[in-house]
Amino acid sequence: SPSIQFQHEIIRFDKSVHTYSFEQDILNSMNPSMEKNEFYLVYQPKIDVESKKIVGLEALIRWNHPEYGFLSPADFIPILEKNQRISDLTDWIIKTVCKQIGEWREEAIHHFQVAINIPGEYLTSHRLRKVLKKALTKNNIEPSDIELEITETSVMSSINSTIRAISTYKEIGFSVALDDFGTGISSLSNLRKMPISTLKIDKSFVDEVPSSEKDSAILESIIALGHSLNLTIVIEGVETKEQVSFLASTGYPLQLQGYYFAKPLIATELIEWARGFHY
Ligand code: C2E
Ligand code: CA
Ligand code: CA
Ligand code: CA
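The numbering of the sequence shown is UniProt numbering, which starts it at 399 and goes up by one.
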């Protein structure tokens with residue numbers, strides 16, 4: 399298990415106070431917070447099940463709100479999406495991630511591919527192309543340093559334009575992951591058409607593994623399916639040793655992400671953790 403414990407606990411904001419004024423406060427404080435660095439990123443590693451090496455990171459947003467304290471992204475991302483403000487925050491995230499990769503590279507610290515969560519509607523916009531291109535050039539990094547994560551549910555709303563956008567990004571050299579796989583509807587029929595590189599299997603499929611035989615069988619079938627489609631497979635929400643053993647015993651090449659290995663960490667903590675990481 400992880401040798402060093404870091405405290406980056408997020409205190410979930412009480413949903414009962416999700417009022418009109420809370421939404422307004424969120425929207426009004428977003429731009430000032432971006433300027434004052436009250437937003438910051440944490441990075442969670444993905445571990446190769448066989449080599450036990452770190453194979454990549456996922457960037458996750460955090461907000462130390464001046465009035466509400468630490469807010470969970472689950473509480474503010476939906477508000478920003480609903481009010482068409484999520485692309486501004488996504489641009490900030492892209493710039494911050496690319497700057498971080500550039501710094502790691504300059505300091506000759508081994509740099510990992512970083513996955514960035516991209517809201518479905520933003521993926522198909524021309525603006526995203528420009529923002530990515532600018533951030534890569536500015537920090538002298540490659541498209542292959544970035545993975546774009548899009549959720550299964552967001553894909554469903556405009557499948558054809560999403561498929562075109564994924565193809566374009568793949569051709570440029572980005573990796574593209576389908577996030578929260580298994581939680582959307584009509585997933586299997588659409589999966590075939592999706593030119594993605596990576597399948598991220600939702601945490602809910604691993605929660606009762608290996609104690610539930612049924613869940614274990616379902617998880618193994620989804621892994622087999624992803625493998626037969628030549629996809630890199632990430633299992634999210636891995637929390638126990640037993641889950642790791644089960645996943646290793648399937649014999650499939652897998653990447654594991656979860657609290658068992660590490661919670662999302664700020665950049666300096668992540669590098670410190672990676673240096674001391676022994677499986
Ligand atoms: P997600 O993209 O599916 O991210 C995985 C979530 O699971 C993260 O929660 C992560 O901290 C958490 N997690 C990782 N390992 C474990 C584990 O072993 N056990 C448990 N219980 N949880 C684990 P987080 O950071 O609170 O984010 C929640 C959701 O908010 C994300 O789900 C994503 O949908 C959204 N989100 C977070 N950061 C961003 C971002 O930068 N941009 C966008 N657009 N959405 C984001
Ligand atoms: Ca994600
Ligand atoms: Ca996910
Ligand atoms: Ca999830």
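Think of the CB as a built atom: it goes at the ideal place given N, C-alpha and C, for glycine as much as any other residue. Since we're looking at a predicted model, the values are computed, not measured.
Please classify residue i as buried or exposed, where buried requires at least 16 other C-beta atoms within 10 Å of its C-beta.
i	result
F659	buried
E651	Correcting the residue identity first, residue 651 is Pro in this sequence and not Glu. It is exposed - the Cβ of P651 has fewer than 16 other Cβ atoms within 10 Å.
E634	buried
T549	buried
I557	exposed
E540	exposed
S614	buried
G467	exposed
H406	Only weak support exists for where H406 lies, its pLDDT of 49 falling under 50; the value from the coordinates is given anyway. Exposed is the call here.
I507	exposed
D486	exposed
S399	At S399, the pLDDT of 34 sits below 50, so the modelled position is not reliable and the matter cannot be decided from this model.
L534	buried
L586	exposed
Q403	For Q403, the predicted model reports a pLDDT of 40, less than 50, meaning its position is unreliable and no value from the coordinates is stated.
N515	buried
A622	exposed
L627	exposed
By alpha-carbon positions, which one of the options ends up nearest to residue i?
i	options	result
I492	L521, P476, S470 and I507	L521
N481	Q655, I424, T638 and K591	I424
S542	M428, S610 and I570	I570
Q641	K591, Q511, V604 and G582	V604
S552	D577, F675 and E545	D577
W671	P430, N426, K434 and P443	P443
T630	S573, S647 and Y418	S573
P662	I445, F437, E433 and E456	E456
S595	H625, G649 and M432	H625
Q511	H524, L546 and I484	L546
residue 719	N628, G454, S431 and E618	Lying before the first or after the last residue shown, residue 719 is absent from the chain, which here runs from 399 to 677.
A513	A563, L458 and E501	L458
I452	Q653, E505 and W502	Q653
V636	S647, L534, Q655 and T648	Q655
T581	H508, E505 and I620	I620
I616	I445, Q422, N588 and F579	F579
E421	I475, G454, N435 and R503	I475
Y567	R483, L530, G674 and S449	L530
Y657	A646, E505, K601 and L623	K601
N588	I561, I599, I477 and E606	I561
S555	G518, P430, L469 and S523	G518
F675	S427, D446, E436 and N426	D446
E465	K612, E436 and E448	E436
A665	H524, V495, A563 and S559	V495
So the alpha helix (DSSP H) residue i belongs to, where does it begin and stop?
i	result
Q498	I484 to E504
P430	Y418 to E433
Y520	G518 to L521
V553	E550 to S555
E540	That residue, E540, is in no alpha helix (DSSP H); it is neither H nor E in DSSP.
F474	P471 to K480
Between which two residues does the beta strand (DSSP E) holding residue i run?
i	result
I514	V512 to N515
K444	F437 to D446
V453	I452 to H463
Mind pulling the beta strand (DSSP E) runs of 3 or more residues that sit fully within the stretch 622-667?
Listed in chain order, they are 630-634 and 653-655.
My parser needs the beta strand (DSSP E) runs of 3 or more residues fully inside the stretch 578-605; what are they?
The stretch 578-605 contains these whole beta strand (DSSP E) runs: 596-599.
Please list, following the chain, all residues that have a C-beta closer than 5 Å to any non-hydrogen atom of ligand 2.
Here the residues come out as N515, E547 and D577.
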